[in-house]
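Numbers 2 to 500, taken from the working numbering, label the letters of the sequence shown in order. A virtual CB, placed ideally from N, CA and C, is assigned to each residue, including glycine. Here's the structure, in structure tokens; my notes come after.
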Amino acid sequence: MAIEHIVIVGGGTAGWMAAAAMSRIRDGRKLAITVVESEQIGTVGVGEATIPPFVEFNQALGINERDFLSFTQGSFKLGIQFENWGQVGESYIHPFGAYGYDIGGIGFHQVWHKMRERGDKRPLQLFNLETMAAYYGKFSRTEDYARDDLPPINYAYHINATAYAQYLRKYAEQRGVVRHEGIVKDVALDGESGFVTKLTLDSGKEIEADFFVDCTGFRGLLIEQALETGYEDWTHYLPCDRAVALPCNRDDGSPPPPFTKATAHKAGWQWQVPLQHRNGNGHVYCSQFMEADEATDILIANMAGKPTADPNHLRFVTGRRKKFWNKNVVALGLASGFMEPLESTSIHLINTGVNKLIATMSLDGVTEAQASTFNRLTVREYERIRDFLILHYKATRRDDSEFWNYCRTMDVPDSLTEKIEVFKANGQVFREEDELFTTTSWAAVMLGQGITMDGTSPMADGVADASAKEVDEMAKSIQWLVQRMPGHKEYLERYCPAP
Ligand code: FAD
């Protein structure tokens, strides 16, 4: 059956990202797109840190960066600083860009390791632009300097996600998307195919459509409540199941750091996401080892300013829907599954989900092949991210609480065990299929948390000899650039000040 009407249920980040991207579908046919959302139910209201592909998502929509960052009180993000993960008191940055660049076919961190064995004690961080700029609280773009020997800077944003959804709503409505306010009370299924056919709102209004996108958040109104798709629970690998979120002011006028902070506590970890004039904060924790009151106290005690709202308590089950595309329903955002925001991957999964949906679907109708392709690709993507998140917990040396004892000794997927073993042997990281996280990402977390390379690549000897000058130049270019960059606050005030 041809698709003439698509209904997106839910108007959070997922709903409006889907609506904005789908409003650009043009294949010469008449296609109506409707968003149904309920102000009374509201949105989850957290989720402010993003990763670099989000920059491209907005560029593809033709969004003006200055305008968008100003509207969302956004700041730039160069990576994530992890504190107390390997051991209490330790700290490292997982940067967005690469450590140096591959030389002679091997990863730069492997060359660095060889140089270190030979007595060169320069830290690996010196060869990463984003880490160095983050340490000095600087930001600008490499293109601002007329030199083509400089490394490109990789960045993402911290944003007020509620403002972002409002921004996209305006974008989508200007392109013909129609919004209905109301609570969906009933979902009708076709008796034969099991496809969703009609929604009934609390006002009695009925909305029929050919295809539905479920963006209703954790409740999964269509994908779970109507279609009973089922959920794969990953709590045994990622045991945190609660969060408490609380923004705070930065009244002291301190500059927003150009990075997210993830500080481990005794049964979870705390995020700090700096916007232009306030910080988003939250504590993700495991209810088996900590009560909500204690989690809130720890959060408040470790915040950089005074709270500006009441604590927002959230519950979640880490995992994914057994199918993301079931019948004529595709779930995006929290309706599709959830992994804690340790590496800011949720908005990213909305982004890739929308892209995959647009690439897979045809307005001629839904086929089984489309659904199974979408599901296979998304499962793979979820599992690769899951493994990377588990690494942060498994690779701890902490033994100061029951929570960390559990994490350190838990069983992990074979795919992750193999990855760690191969890295230990000679520093090799295979970026498998089209996985999100790069060699630098894996190396940053493993080295940052104390997993060492016990050997070096058989190629490293020769490469380290031949490339000493090249390596020096690399560090010098980064130093040159960071010295000239303005402070992050100064850059924001000039480029995209919040109104
Ligand atoms: P929601 O925001 O819950 O929106 C659901 C929508 O569905 C609402 O509009 C609601 O009104 C509507 N709805 C529901 N039921 C009905 C109904 N019956 N009738 C009509 N409308 C209905 N992601 C990141 O990328 N970075 C982060 O730093 C990050 N931090 C996070 C921290 C926490 C603690 C949590 C829980 C999530 C975090 N996320 C983060 C994830 C991010 O918040 C979500 O991926 C994102 O906000 C998308 O949410 P959503 O739109 O799927 O759901």
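| Query | Result |
| --- | --- |
| Compute every distance between the C-beta of E49 and the non-hydrogen atoms of the ligand PLP, then say whether any falls below 6 Å. | Among the ligands in the structure shown, the ligand PLP does not appear; only the ligand FAD can be found there. |
| Checking 7 Å against the spacing of the C-beta atoms, do F339 and N376 come in under that value? | no |
| Would you mind working out which of T143, K139 and Y100 sits nearest L127, comparing C-alpha positions? | Y100 |
| Measuring only from the beta carbon, is E38 closer than 6 Å to any heavy atom that is part of the ligand FAD? | yes |
| Roughly how many angstroms lie between the CA atoms of D311 and L300, to the nearest whole one? | 12 Å |
| Can you check DSSP and say which residues form a bridge with L315? | A244 |
| How about H114 and M454: do their beta carbons lie closer than 7 Å? | yes |
| Ignore the nearest five residues each way along the sequence and tell me which others in T163's own chain have a CB closer than 8 Å to its CB. | T44 and G46 |
| Determine whether the beta carbon atoms of R30 and L358 lie at a separation below 7 Å. | no |
| Taking the DSSP output, what are the residues bridged to D234? | G320 |
| What span of residues does the beta strand (DSSP E) with F389 cover, start to end? | First-last for F389: E369 to K395, but that is the alpha helix (DSSP H), not the beta strand (DSSP E). |
| Mind checking which residues open and close the alpha helix (DSSP H) that includes G16? | T14 to M23 |
| Looking only at C-alpha atoms, which of F97, N329 and M18 sits nearest to W503? | Residue 503 is absent from the structure shown; the chain starts at 2 and stops at 500. |
| Among A426, E419 and L333, which has the Cα closest to the Cα of F219? | L333 |
| Any heavy atom of the ligand FAD closer than 6 Å to the CB of P54? | no |
| So is S458 buried or exposed if we call it buried at 16+ other beta carbons inside 10 Å? | buried |
| Contact between the region 277-296 and the region 234-247 is defined here as three or more beta-carbon pairs at a separation below 8 Å; is this criterion met? | yes |
| Near A19, what residues of its chain come up, given a Cβ to Cβ distance below 7 Å and the 5 sequence neighbours on each side ignored? | I9, V214, C216, L333 and V355 |
| Would you kindly report the start and end of the unbroken beta strand (DSSP E) that includes D215? | F212 to D215 |
| For S71 versus L493, is the C-beta distance shorter than 7 Å? | no |
| Have a look at T73, M486, W270 and R409 and flag the residue whose alpha-carbon is nearest the alpha-carbon of N85. | W270 |
| What would DSSP say about A265, mapped onto helix, strand or coil? | strand |
| Are the region 378-397 and the region 434-449 in contact at 8 Å, needing three or more beta carbon pairs? | yes |
| Give a yes or no on whether the C-beta atoms belonging to P240 and P258 are separated by under 7 Å. | no |
| Could you name the residues of the same chain whose beta carbon sits closer than 7 Å to that of T374, not counting the 5 residues immediately before and after it, in chain order? | T361 |
| Check whether the Cβ atoms of S534 and D242 lie closer than 7 Å to each other. | Not covered by the structure: residue 534. The range shown for the chain is 2 to 500. |
| Is V355 near the ligand FAD, judged by its Cβ being under 6 Å from some heavy atom? | no |
| For H6, which residues of its own chain have a beta-carbon under 6 Å away from its beta-carbon, when the five flanking residues on both sides are left out? | A33, A210 and D211 |
| Can you check whether the CB of K78 is closer than 7 Å to the CB of T264? | no |
| What residues match up with I9 in a beta bridge as DSSP calls it? | V36 and V214 |
| Out of G105, Q111 and M133, point me to the one whose CA is closest to A476's CA. | M133 |
| Quick one: grab the DSSP three-state call for D415. | helix |
| If contacts are defined as beta-carbon pairs under 8 Å, then E38 and G11 qualify, I think. What distance do you get, rounded to the angstrom? | 6 Å |
| Sort S402, Y232 and H393 by Cα distance to E344 and report the nearest one. | H393 |
| Relative to the ligand FAD, is the shortest distance from any of its heavy atoms to the C-beta of G221 smaller than 6 Å? | no |
| So does A244 have its beta carbon nearer than 6 Å to some heavy atom of the ligand FAD? | yes |
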